[in-house]
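Going left to right, the sequence shown walks through residues 1 to 131 as the working numbering numbers them.
Since the structure comes first, as structure tokens, the remarks are kept for the end.
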Amino acid sequence: MALDIYAAKDLNHAFEIASMDPEKRMEDHEVSEPEEIGHFLYDIRDELTNYTYYYQFDPYREIQLEADQVPAIKTFSQSIVKWLEEHGTEENRVIQQYGLSFPKIRRFADKLGHVCDVAMEHGYGLSGLGD
Numbered sequence: 001m002a003l004d005i006y007a008a009k010d011l012n013h014a015f016e017i018a019s020m021d022p023e024k025r026m027e028d029h030e031v032s033e034p035e036e037i038g039h040f041l042y043d044i045r046d047e048l049t050n051y052t053y054y055y056q057f058d059p060y061r062e063i064q065l066e067a068d069q070v071p072a073i074k075t076f077s078q079s080i081v082k083w084l085e086e087h088g089t090e091e092n093r094v095i096q097q098y099g100l101s102f103p104k105i106r107r108f109a110d111k112l113g114h115v116c117d118v119a120m121e122h123g124y125g126l127s128g129l130g131d
């Protein structure tokens with residue numbers, strides 16, 4: 001179960017980016033969910049801002065979020081970073097339960113925020129491509 005999120009005009013544009021040669025791919029346009037992060041985010045959803053927007057992404061199908069929803073996903077990514085900063089003592093529990101270190105979660109949140117910045121800069125939405 002994998003989910004890749006792209007800054008793209010539409011799903012066709014996301015598929016074009018995904019099918020590019022790795023050396024030519026626009027890496028700043030994409031972020032991949034680490035394994036088990038979906039479960040982790042779901043479990044802390046009440047402590048995150050705009051989780052319901054992010055929850056629209058589905059690791060089993062394709063979805064396009066329009067450009068007007070991108071700022072909400074950016075805020076969501078920032079709330080993940082804030083949660084990590086406020087719960088530093090819980091890292092061992094998170095590692096044991098989900099197999100995710102805080103640096104790995106932070107890299108994902110930062111990259112998601114950057115993809116949102118790229119989308120907003122170009123007037124794109126976000127495309128989620130699942131398995």
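C-beta: ideal position from N, C-alpha, C; glycine also.
- Leu41 is positioned such that its CB atom lies closer than 8 Å to that of Tyr51.
- Judged by DSSP secondary structure, Tyr42 falls within the alpha helix (DSSP H) whose first and last residues are 37-43.
- If you draw a straight line from the Cα of Met20 to the Cα of Glu27, it comes to about 10 Å.
- Phe76 and Thr49 have their C-alpha atoms some 5 Å from each other.
- The beta carbon of Trp83 sits closer than 8 Å to the beta carbons of Ile44, Glu47, Leu48 from its chain, once the five residues preceding and following it are set aside; these are given in chain order.
- Within the segment 65-121, the complete alpha helix (DSSP H) segments of 4 residues or longer fall at 70-86, 91-98, listed in chain order.
- In the three-state reduction of the DSSP assignment, Leu11 falls in the helix class, which pools H, G and I.
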